[in-house]
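Engineer: Order-wise, the sequence lines are chains A and B. With this note's numbering as the guide, the letters of the first sequence map in order to residues 939 to 1141. With this note's numbering as the guide, the letters of the second sequence map in order to residues 314 to 567. Structure below; questions to follow.
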Amino acid sequence: MKKGREVGRISFSLTDAFRLSYHNVRRRFSREVLIMAAITLGIAFFSMLSLTDAFFKAYTQTQGGTLQVESYQYWLVFVSLAVCIVSITNSTIIAVYERYREIGTMKCIGALDQHVLELFLAESIILSLAGGALGFVLGLIASILSVGFTVGFGIVTRISPVVLLSLLGETMGLSLLLSTLATIYPAYRAAKLNPVEALRYEV
Amino acid sequence: MKFDNIIETEELARYYEIGGEVIKALDGVELQVRRGEYLSIVGPSGSGKTTLFNMIGGLDRPTRGRIIIDEVDISKLDAYELAWLRCRKIGYIFQTFNLIYTLTALENVALPTVFAGVPRDEGAKKAEAFLTSVGLGERLAHKPLELSAGQQQRVAIARAMINDPAIILADEPTGNLDLHTGTDIINLIREMNKTRGVTVIAATHDLKMIGASDRVVWMRDGKIEKIEKGGPGEVYKEPLGASGLSSGAPSHYD
């Protein structure tokens, strides 16, 4: 009897994962928008606060004074981000249920557990980048309005682009981290699905 | 004359434990499937057909016994090797088609080539050729839900065939189709079997499928009840397994 080791390679690149996930995001747009909205709102609140803080710093450096973001506001952001994680996890668990058969089928045509994991994580990265960017823009607008009405809109021109860019980077990083944290459990569950059960599942 | 067996099962058993009670889904199945044959598996629901399918397809592991595909005991393969087996050696056709609804017909058919490591352009070209060969050359960019049930099953057949598998496992492939479309699908599977030499194993309630097959395996209570030569005439009598047949697809009797 021949040894079973003489098998070939299974290939599934990250590009493939992102391509399939992109298709999935486009096709299931309404559900994906809901998941993205959770990220966007959480991030918008966070970046509004961090941008307001940056504006206040720029203002107090030139004009003096003691404007600052209150610490209880950071607590609110913390809570809102926690809610954001929970709601993304919840939506993704439901999305996994909806895609049971799809996951079973993928496994039938050669997908390994890790490929299913990659698919869900790729999707989470796409959503978190889009949601993070949108959230940052919303936060920027909100902070300009709030600071503008407090100390005048002139402050907007005084913030350095470097600060703005580093805040953008920070925000995107946070968005990616939150989204990954929220997705890892449902994605792991999807990856571990037994194809027999996945195919039997009636939606 | 010595036959070349592509699949052999030895003392194959699969037990499940549900609520402390042991269910014997398969109980000592000895089956030899010859290379290039068209084998139908018939039996009432709960007879173990699907379990046997899952075993041969490497989707489930036996409680005891062996499944040998091309001289390799697949119950000893690891996850990676099983994935490779499912990708390259075996093509699946399901009752519910199981196409990916977010992808077009072309992308669905090309999907197994992604896992097989075929370059994208080449995979797409191959998928186009396969879709054309099942008569859907004009429907490449359609999503599954824009296709009729019969067309969806054709896409699924093209997908099952694209990596040139040695075995096609078809679980009730005509179960969701009307009489006419079902006949077309059986003819298509039979044609793939004849022209490409792929071994077909089909679980079915459908008398038309039994008529098309080389051999028919009758299953009951996790065991093989009998094996008959296929073809029309053999199948229309009322054998022991007939209760399952009539409950499964009465509309197919005309």
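The beta-carbon is built from N, C-alpha and C at its ideal position, and this holds for glycine as well. All values reported here derive from a predicted model rather than from experimental measurement.
Compute the distance between the beta-carbons of R374/B and G946/A, then report whether it is under 8 Å.
Structural biologist: Result no, Cβ atoms of R374/B and G946/A do not sit closer than 8 Å.
Engineer: If you draw a straight line from the alpha carbon of M1110/A to that of T1027/A, how long is it in whole angstroms?
Structural biologist: Approximately 19 Å between the Cα atoms of the pair.
Engineer: Return the bridge partner residues of L1106/A from the DSSP annotation.
Structural biologist: Bridge partners of L1106/A: none, in fact.
Engineer: Need the endpoints of the beta strand (DSSP E) that Y997/A sits in, please.
Structural biologist: Note, Y997/A: premise wrong, no beta strand (DSSP E); alpha helix (DSSP H) at F967 to Q1001.
Engineer: By Cβ distance below 7 Å, which residues in the same chain neighbour Y329/B in space, the five residues on each side in sequence not counted?
Structural biologist: The answer, listed in chain order, is I336 and A338.
Engineer: Is R969/A close to the ligand MG? I mean its beta-carbon at under 7 Å from any heavy atom of the ligand.
Structural biologist: With respect to the ligand MG, the structure shown offers nothing to examine, as it has no ligands at all.
Engineer: Is any beta-carbon of chain B found at less than 8 Å from that of P1124/A?
Structural biologist: So, not an interface residue.
Engineer: Do I319/B and I480/B have their C-beta atoms closer together than 8 Å?
Structural biologist: It is a contact, given that the beta carbons lie within the stated cut-off.
Engineer: Using the Cβ count rule (16 or more neighbours within 10 Å means buried), how would you classify K507/B?
Structural biologist: Looking at its Cβ environment, which holds fewer than 16 other Cβ atoms inside 10 Å, K507/B is exposed.
Engineer: Taking CB distances under 8 Å as the criterion, tell me whether L1057/A reaches chain B.
Structural biologist: No - not a single Cβ of chain B is within 8 Å of the one on L1057/A.
Engineer: Is M986/A closer than 8 Å to S1081/A when the C-beta atoms are compared?
Structural biologist: Yes; because the gap between Cβ atoms is below 8 Å, this pair is in contact.
Engineer: Hey, is W531/B's beta-carbon within less than 8 Å of any beta-carbon in chain A?
Structural biologist: Cβ-Cβ to chain A under 8 Å: no for W531/B.
Engineer: Of all Cβ atoms in chain A, is any one closer than 8 Å to the Cβ of N489/B?
Structural biologist: With 8 Å as the cut-off, N489/B does not count as an interface residue toward chain A.
Engineer: If you reduce the DSSP assignment to three classes, tell me which class R572/B lands in.
Structural biologist: No answer is possible for residue 572/B: the residues shown for chain B start at 314 and end at 567.
Engineer: Using a Cβ-Cβ cut-off of 8 Å, state whether D373/B counts as contacting chain A.
Structural biologist: Output row for D373/B: interface = yes.
Engineer: How many angstroms separate the CA atom of G543/B from the CA atom of V346/B?
Structural biologist: Approximately 14 Å, taken between the alpha carbons.
Engineer: Considering only residues of the same chain and omitting the five flanking positions on each side of L553/B, which have a CB-CB separation below 6 Å?
Structural biologist: Residue confidence is low: L553/B scores 43 on pLDDT, short of 50, so the model does not pin down where it sits. No coordinate-derived value is stated.
Engineer: Just the Cα atoms here: how many angstroms apart are D534/B and R327/B?
Structural biologist: Distance between the alpha carbons of D534/B and R327/B is about 12 Å.
Engineer: What residues in its chain sit with their C-beta under 6 Å from that of A454/B, if we drop five residues either side in the sequence?
Structural biologist: Once the five neighbours on either side are set aside, the close Cβ partners of A454/B are T417.
Engineer: Return helix, strand or coil for G341/B, following the three-state DSSP convention.
Structural biologist: Strand, per DSSP.
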